[in-house]
Amino acid sequence: MTYINIDIDNETLTHLAVTLSLIWIGVNLKNIHLVLINVRHFFHMVNKVYNDVCNKNPFILDYSDEQKQFEENVQLNVDEHEEKEVEKERYENKYLEKFKKYPNEYLPFTESELLLESKIVEELTKNHIELRNKIIEELLIEQNKLKKIIDRIETAGGPLTEEGLKVMIEYDEYIADFDLEDEDEEYAIIETYDEIKSNLKENKSEVVELEMEDEVTEEKRMEIKKSAYNTIINNRIKGLMNSVLLEMTPVGNVFMRYNFEKESFEYFSNNSIPYRYLEPIGRRYVMTFCCKPLFVDLEDELKRAEVKFDEDKKKEDERLEEEKQKKVMQSISGINTNRSIVAKLKSYNNSSNNASNNPTFVPKNRGTYALPPQIKANLPDVNGGSTSDKRLLKENANRYTWEGRFQDFCPIKKIDKKVVDKKLNMSWAEYKKQMSK
0 MTYINIDIDN ETLTHLAVTL SLIWIGVNLK NIHLVLINVR HFFHMVNKVY
50 NDVCNKNPFI LDYSDEQKQF EENVQLNVDE HEEKEVEKER YENKYLEKFK
100 KYPNEYLPFT ESELLLESKI VEELTKNHIE LRNKIIEELL IEQNKLKKII
150 DRIETAGGPL TEEGLKVMIE YDEYIADFDL EDEDEEYAII ETYDEIKSNL
200 KENKSEVVEL EMEDEVTEEK RMEIKKSAYN TIINNRIKGL MNSVLLEMTP
250 VGNVFMRYNF EKESFEYFSN NSIPYRYLEP IGRRYVMTFC CKPLFVDLED
300 ELKRAEVKFD EDKKKEDERL EEEKQKKVMQ SISGINTNRS IVAKLKSYNN
350 SSNNASNNPT FVPKNRGTYA LPPQIKANLP DVNGGSTSDK RLLKENANRY
400 TWEGRFQDFC PIKKIDKKVV DKKLNMSWAE YKKQMSK
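Take 0 as the starting number for the sequence shown in numbering that gives the first Met the number 0 and just add one per residue.
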């Protein structure tokens with residue numbers, strides 16, 4: 000039996016052991032980059048050992064082509080994986096796929112919130128009924144007042160008598176200086192009397208309408224429920240000032256919270272964070288604290304803006320078409336056939352033709368020298384470019400406010416000592432009264 004002596008140096012074995020250890024550490028830490036680098040190094044060391052074995056073993060032949068193909072396949076797989084990792088590392092798209100799948104709604108109410116909602120609905124319903132009854136009461140008072148005025152006027156013989164006029168003056172002081180012998184003023188007095196009757200009639204119809212309908216209509220009931228729901232949600236959103244998220248971005252770390260009063264995402268960072276990096280933090284924030292409706296999805300907003308743009312364009316086209324039709328009708332009816340206007344138009348056209356035909360003609364308020372092409376290229380297009388270009392304006396967008404550096408962020412609330420110790424809120428008179436006891 001033939002034995003082949005193959006010596007592997009200690010340095011190679013040490014490298015293999017260290018590489019395997021680093022691979023194990025990378026797997027535990029879930030560091031793909033570290034694993035890939037050390038896997039590549041491990042295969043390189045194995046390949047070296049394999050070459051040494053093959054060189055010292057006369058029975059193994061033609062191994063180089065297979066090994067080369069194996070190395071190329073390994074390198075190809077590693078490169079493809081690294082390309083995919085680079086694509087995933089685009090921070091602007093972070094959390095985007097998960098955000099799209101996340102439900103656009105708040106969490107269901109807790110038992111305490113449901114109890115509070117029912118109390119708010121009950122209170123708002125009670126206030127609505129009280130307001131309705133108060134309105135009916137005021138209308139009835141006004142109705143009785145108008146009835147008494149009309150009865151007194153009719154008892155006095157009508158509005159055109161002296162006694163009737165006195166009663167009318169109590170209703171409207173404007174007619175105090177009216178003369179019954181003046182026909183115009185007499186007509187105004189009769190109009191005022193008819194106005195009193197009309198007001199009484201409207202008053203009666205309003206009272207009947209209010210009394211006929213339910214104390215709380217279905218429409219009002221839905222409005223009250225919506226108001227109570229919004230109150231609970233607003234209370235939740237106000238509490239987001241105490242919900243802080245820490246995110247690590249490519250340009251620095253960020254603390255973020257939501258301010259209900261400002262309707263803005265506030266953030267603290269030692270570096271300047273671009274808007275495109277703040278958007279992924281906002282996505283993660285609303286998913287973490289279950290408040291996705293607060294976040295404005297720019298893709299959805301652009302779709303709405305595009306729909307609105309098309310609708311506005313359609314309306315504008317219809318308006319222009321109507322104006323065009325009007326101009327055609329006006330020209331047919333002969334409105335713009337005035338000879339003087341035609342003469343003015345002819346003289347204007349002649350002057351413009353002279354200007355275009357005369358190469359030495361220079362319009363007023365124009366420079367005699369043309370701008371260089373390199374300057375013209377950098378000038379903004381004040382005419383708005385092509386009329387066919389869509390200029391979409393987003394009505395809503397997420398707002399982010401920088402509140403300072405990390406050292407400016409204080410997670411600990413200041414305690415109001417007057418709330419904790421009521422003695423601190425005591426007035427001097429109360430103190431003297433207590434001391435006298």
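For glycine and all other residues, C-beta sits at the position ideal for the given N, C-alpha and C.
The structure displayed is predicted, hence computed values, not measured ones.
Residue from the options with nearest C-alpha to residue i
{"i": "Met221", "options": "Glu129, Glu121, Lys416, Ile140", "result": "Glu121"}
{"i": "Ile232", "options": "Phe288, Glu218, Leu209", "result": "Phe288"}
{"i": "Ile439", "options": "Ile168, Val285, Asp213, Asn395", "result": "In the structure as shown, the chain starts at 0 and stops at 436, and residue 439 therefore has no counterpart that could be examined."}
{"i": "Glu129", "options": "Lys165, Phe108, Phe408, Glu214", "result": "Glu214"}
{"i": "Pro292", "options": "Ala396, Phe267, Pro273, Glu190", "result": "Ala396"}
{"i": "Glu218", "options": "Ile36, Ala428, Thr124, Ala304", "result": "Thr124"}
{"i": "Ile148", "options": "Tyr105, Tyr192, Leu139, Thr160", "result": "Tyr192"}
{"i": "Lys224", "options": "Met44, Gln329, Phe42, Leu115", "result": "Leu115"}
{"i": "Pro273", "options": "Tyr284, Asn258, Gly251, Arg282", "result": "Gly251"}
{"i": "Ser242", "options": "Lys100, Gly156, Val285", "result": "Val285"}
{"i": "Met211", "options": "Arg283, Gln324, Arg131", "result": "Arg131"}
{"i": "Pro107", "options": "His43, Ala304, Arg235", "result": "Arg235"}
{"i": "Tyr101", "options": "Asn258, Gln329, Asp296, Tyr430", "result": "Asp296"}
{"i": "Lys412", "options": "Leu423, Glu300, Met240, Lys307", "result": "Met240"}
{"i": "Gly281", "options": "Ser20, Met44, Tyr94", "result": "Tyr94"}
{"i": "Phe437", "options": "Glu320, Leu245, Glu317", "result": "Shown here, the chain extends from 0 to 436; a query on residue 437 therefore has no answer."}
{"i": "Ala187", "options": "Leu199, Leu159, Leu209", "result": "Leu159"}
Outcome for residue i when other beta-carbon atoms lying within 10 angstroms are tallied against a minimum of 16
{"i": "Glu278", "result": "buried"}
{"i": "Phe294", "result": "buried"}
{"i": "Arg256", "result": "buried"}
{"i": "Cys290", "result": "buried"}
{"i": "Glu96", "result": "exposed"}
{"i": "Arg338", "result": "Low local confidence applies: a pLDDT of 48 at Arg338 is under 50, so the model's placement there is unreliable, and no value is given."}
{"i": "Glu201", "result": "exposed"}
{"i": "Ser268", "result": "buried"}
{"i": "Thr386", "result": "Here the model assigns Thr386 a pLDDT of 42, short of 50, so the residue's position is not dependable, and the following value carries that caveat. So Thr386 counts as exposed."}
{"i": "Tyr276", "result": "buried"}
{"i": "Leu164", "result": "buried"}
One or two residues paired with residue i in a DSSP bridge
{"i": "Met255", "result": "Leu244, Tyr266"}
{"i": "Thr400", "result": "Glu265"}
N-terminal and C-terminal residue of the alpha helix (DSSP H) that residue i is part of
{"i": "Arg282", "result": "274 to 287"}
{"i": "Ile119", "result": "110 to 154"}
{"i": "Gln433", "result": "427 to 435"}
{"i": "Lys219", "result": "217 to 237"}
{"i": "Leu159", "result": "From DSSP, Leu159 is part of no alpha helix (DSSP H); its letter is neither H nor E."}
{"i": "Leu95", "result": "95 to 100"}
When you compare the stretch 391 to 410 with the stretch 251 to 270, are there three or more beta-carbon pairs, one atom per stretch, that lie closer than 8 Å? yes
Determine contact between the stretch 124 to 140 and the stretch 192 to 211, defined as no fewer than three beta-carbon pairs at a distance below 8 Å. yes
Are the stretch 222 to 242 and the stretch 135 to 154 in contact at 8 Å, needing three or more beta carbon pairs? no
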